[in-house]
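Student: One structure follows; several queries about it will come next.
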Ligand code: GLC
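Numbering (my numbering), first residue to last: 16 to 466.
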């Protein structure tokens, strides 16, 4: 009985996650009144700004009327299938209508419900809607000094529950609830160091009453996906700034900035950015291992995507227009049993869909590539980038030669070869020294592994 209900929970989760697994690529948006300064999303704490200095930013925050439309257009052009916006970051500033705290977009500079604008812009373009929500609110004194301001503690938790309820009742269907930093008062918090850490005695999940909070979220939005940052595992893991699968069988999504860490919000002049090639490499690295990729932008104070973010995203979007079948709806199948380099890794990486393997080349050799250590037989190969049919020949050591590639790379980002196998591809078991004599087996006849 207990087992059945466990299976039921797992099946329900899989069903909820189905669209998200197919989507593979989302856009993360860090934006708030801190964007006025262009010094990252944590400037309050990092620059140790007294509240009297920080609060006026909200009055100077005047988003353009079409900010949300432009972000939604950018997401579509980039090929993202969902967007996750910071509805409140660690400064506690709410981009939404709330009865809990006057430090919000309706009652300060913008004078508008920015989350409402965001949701309708996304929906009108068929994008899925995600809400980032920081459980931390640094403006509570009790967060920093829980003993002196013990009376704040229940208020902080109550604020979280009321705000999450507002977010999940005011805007219709919401697809993703993306919590951040379940840090208990007195505990370590990003950006703070040198002070004595004395957490109140409870786990984050206990402190925020996360079980109850998430049960409420699921009651209000039965289809909603919830990440793992409320102190409970919920639907998916969130490796940050690196690509690393979660525990076996768990869904995961890697989030990453264009600049090197740590800024997610707008910064004026970034001098250390990843190239579009590096961003794509990270995306494919996540996708091939079964994860999603949530790429971050930090719009300016008006809410406009910056030129550098636009350039990078448009290049990714152009690539996805031609090569999207190598990303959306793919899964790692049997060729990456454990996170490892995988076959053909000196050329690039594979994603799979049924009998098809997509070979995404990050090193372009010209002429030909060799497919080794993979079976079963290859039926056909096409260079998706140009649409050209390639030549496929079996070779000794169970290899295949795919030739007819143009000499120069056929695009400015990774070319993709679509390889059709006779059955879903798998790794051939490694044999012994026979490959040194070219005697590992003939291509397509099951290899010599078990001779
Ligand atoms: C880190 C940062 C935070 C950012 C988050 C995104 O936790 O501290 O500012 O919002 O990453 O995942």
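Virtual Cβ for every residue (Gly too), placed ideally from N, Cα, C.
If I follow the unbroken alpha helix (DSSP H) through residue 393, where does it start and stop?
Tutor: The residue labelled residue 393 in the question sits at position 378 within the chain shown. No alpha helix (DSSP H) contains residue 393, which is instead part of the beta strand (DSSP E) from 393-398.
Student: Once DSSP output is grouped into helix, strand and coil, what is the label at residue 257?
Tutor: Here the question's residue 257 lines up with position 242 in the chain shown. Looking at residue 257 - three-state DSSP - the assignment turns out to be coil, as it is neither helix nor strand.
Student: I want to know whether the segment 53-73 touches the segment 103-113 - three or more CB-CB distances under 8 Å.
Tutor: Contact holds: three or more Cβ-Cβ distances are below 8 Å.
Student: Run the proximity test for residue 62: is its beta-carbon closer than 7 Å to any non-hydrogen atom belonging to ligand 1?
Tutor: Translated into positions along the chain shown, residue 62 becomes position 47. Answer for residue 62: no, Cβ out of range of ligand 1.
Student: Taking only the alpha-carbon atoms, compute the straight-line gap between residue 169 and residue 377 and give it to the nearest angstrom.
Tutor: Your numbering for residue 169 matches position 154 in the chain shown. Your numbering for residue 377 matches position 362 in the chain shown. Taking the straight line joining both Cα atoms gives about 52 Å.
Student: Whole angstroms is fine: what's the gap from residue 325's alpha carbon to residue 458's?
Tutor: To locate residue 325, count along the chain shown from 1; it is residue 310. To locate residue 458, count along the chain shown from 1; it is residue 443. Each residue's Cα considered, the two are about 45 Å apart.
Student: Looking at C-alpha atoms only, which residue of 452, 144, 382 and 453 is the closest neighbour of residue 423?
Tutor: On the chain shown, residue 423 is found 408 positions in, with the first residue counted as 1. Minimum Cα distance to residue 423 is reached at 382.
Student: Which same chain residues, not among the five before or five after residue 256, have their C-beta less than 6 Å away from its C-beta?
Tutor: Stepping through the chain shown from its first residue, residue 256 is reached at position 241. Within the same chain, residue 256 has close Cβ partners 271 and 276.
Student: Restricting to runs no shorter than 3 residues, where is the beta strand (DSSP E) found entirely within the segment 48-133?
Tutor: Qualifying beta strand (DSSP E) stretches, in chain order: 97-103.
Student: Would you check whether ligand 1 has a heavy atom nearer than 7 Å to the C-beta of residue 185?
Tutor: Here residue 185 refers to the residue found at position 170 of the chain shown. For ligand 1, not one heavy atom lies less than 7 Å from the Cβ of residue 185.
Student: Among the residues of its own chain, which have a CB less than 6 Å from the CB of residue 432, if the five just before and after it don't count?
Tutor: Taking the chain shown and counting its residues from 1, the one referred to as residue 432 is at position 417. Only 374, 396 and 398 meet the Cβ criterion.
Student: Which class does residue 462 belong to by DSSP, given the choice of helix, strand or coil?
Tutor: In the chain shown, counting from the first residue as 1, residue 462 sits at position 447. For residue 462, the predicted model reports a pLDDT of 43, less than 50, meaning its position is unreliable and no value from the coordinates is stated.
Student: Only counting the same chain, and skipping five residues up and downstream in sequence, which positions put a Cβ closer than 8 Å to that of residue 315?
Tutor: If you number the chain shown from 1, residue 315 lands on position 300. Hits under 8 Å: 50, 53, 281 and 321.
Student: From which residue to which residue does the beta strand (DSSP E) around residue 311 run?
Tutor: Your numbering for residue 311 matches position 296 in the chain shown. Looking at the DSSP string, the run of the beta strand (DSSP E) that includes residue 311 is 307-312.
Student: Return the CA-CA distance between residue 401 and residue 296, expressed in angstroms with no decimal places.
Tutor: Along the chain shown, one-based indexing puts residue 401 at 386. Along the chain shown, one-based indexing puts residue 296 at 281. Whole-angstrom Cα-Cα distance: 20 Å.
Student: With a cut-off of 8 Å on the beta carbons, I'd call residue 339 and residue 94 a contact; round off their distance for me.
Tutor: One-based indexing of the chain shown puts residue 339 at position 324. One-based indexing of the chain shown puts residue 94 at position 79. With a Cβ gap of about 6 Å, residue 339 and residue 94 count as contacting.
Student: Quick check: is any heavy atom of ligand 1 less than 7 Å from the C-beta of residue 205?
Tutor: Here residue 205 refers to the residue found at position 190 of the chain shown. Yes, since a heavy atom of ligand 1 falls inside the 7 Å radius drawn around the Cβ of residue 205.
Student: Using a threshold of 8 Å, state whether the C-beta atoms of residue 47 and residue 137 are closer than that.
Tutor: Residue mapping note: residue 47 aligns to position 32 of the chain shown, counting from 1. Residue mapping note: residue 137 aligns to position 122 of the chain shown, counting from 1. It is not a contact, given that the beta carbons lie outside the stated cut-off.
Student: Could you pull the start and end residues of the beta strand (DSSP E) that residue 372 belongs to?
Tutor: On the chain shown, residue 372 is found 357 positions in, with the first residue counted as 1. Per DSSP, residue 372 belongs to the beta strand (DSSP E) from 371-376.
Student: Does the Cβ of residue 195 lie closer than 7 Å to at least one heavy atom of ligand 1?
Tutor: Walking along the chain shown from the start, residue 195 turns up at place 180. Yes - ligand 1 has a heavy atom lying nearer than 7 Å to the Cβ of residue 195.
Student: Count Cβ pairs between the segment 126-135 and the segment 27-39 that sit closer than 8 Å; are there 3 or more?
Tutor: No: the two stretches stay apart, fewer than three of their Cβ pairs being nearer than 8 Å.
Student: Taking the CB atoms as reference points, tell me whether residue 236 and residue 150 lie closer together than 8 Å.
Tutor: Here residue 236 refers to the residue found at position 221 of the chain shown. Here residue 150 refers to the residue found at position 135 of the chain shown. No. Outside cutoff.
Student: What does the Cβ neighbour count give for residue 367, buried or exposed, with the cut at 16 atoms within 10 Å?
Tutor: Here residue 367 refers to the residue found at position 352 when the chain shown is read from its first residue. Buried, by the Cβ-count rule.
Student: Rounded to whole angstroms, what's the CA-CA distance from residue 307 to residue 73? Just pull it up for me.
Tutor: The residue labelled residue 307 in the question sits at position 292 within the chain shown. The residue labelled residue 73 in the question sits at position 58 within the chain shown. Residue 307 and residue 73: Cα-Cα distance of roughly 33 Å.
Student: Going by DSSP, which residues form a beta bridge with residue 441?
Tutor: One-based indexing of the chain shown puts residue 441 at position 426. BP columns for residue 441 point to 349 and 390.
Student: According to DSSP, is residue 215 part of a helix, a strand, or is it coil?
Tutor: On the chain shown, position 200 is the one that residue 215 refers to. Coil, per DSSP.
Student: According to DSSP, is residue 40 part of a helix, a strand, or is it coil?
Tutor: Residue 40 sits at position 25 when you count from the first residue of the chain shown. Correct three-state label for residue 40: strand.
Student: When you compare each of 238, 245 and 268 to residue 252 by their alpha carbons, which one comes out closest?
Tutor: The count along the chain shown starts at 1 and reaches residue 252 at position 237. It is 268 whose Cα lies nearest to the Cα of residue 252.
Student: Under three-state DSSP, which class holds residue 304?
Tutor: Translated into positions along the chain shown, residue 304 becomes position 289. In this structure, residue 304 counts as coil in the three-state DSSP scheme.
Student: Under 7 Å: does the beta carbon of residue 56 sit that close to some heavy atom of ligand 1?
Tutor: Along the chain shown, one-based indexing puts residue 56 at 41. Result yes, Cβ under 7 Å from ligand 1.
Student: Can you tell me whether residue 264 is buried or exposed? The criterion is at least 16 other CB atoms within 10 Å of its CB, across all chains shown.
Tutor: Taking the chain shown and counting its residues from 1, one reaches residue 264 at position 249. With fewer than 16 other Cβ atoms within 10 Å, it is exposed.
Student: Within 7 Å: the Cβ of residue 408 and any heavy atom of ligand 1?
Tutor: The residue you call residue 408 lines up with position 393 of the chain shown. Checking the Cβ of residue 408 against ligand 1 gives no.
Student: Alpha carbon to alpha carbon, how far is residue 71 from residue 65? Give it in angstroms, no decimals.
Tutor: Along the chain shown, one-based indexing puts residue 65 at 50. Along the chain shown, one-based indexing puts residue 71 at 56. Cα to Cα, the separation comes out at about 11 Å.
Student: Which residue or residues does DSSP assign as beta-bridge partners of residue 151?
Tutor: In the chain shown, the residue the question calls residue 151 occupies position 136. For residue 151, which the question treats as bridged, DSSP gives no partner whatsoever.
Student: Would you report the Cα separation of residue 304 and residue 24, rounded to the nearest angstrom?
Tutor: On the chain shown, residue 304 is found 289 positions in, with the first residue counted as 1. On the chain shown, residue 24 is found 9 positions in, with the first residue counted as 1. Between residue 304 and residue 24, the C-alpha separation is close to 24 Å.
Student: Looking at the unbroken beta strand (DSSP E) that takes in residue 184, where does it start and where does it end?
Tutor: Counting from one through the chain shown, the residue named residue 184 turns up at place 169. Here residue 184 belongs to no beta strand (DSSP E); instead the alpha helix (DSSP H) covers 167-184.
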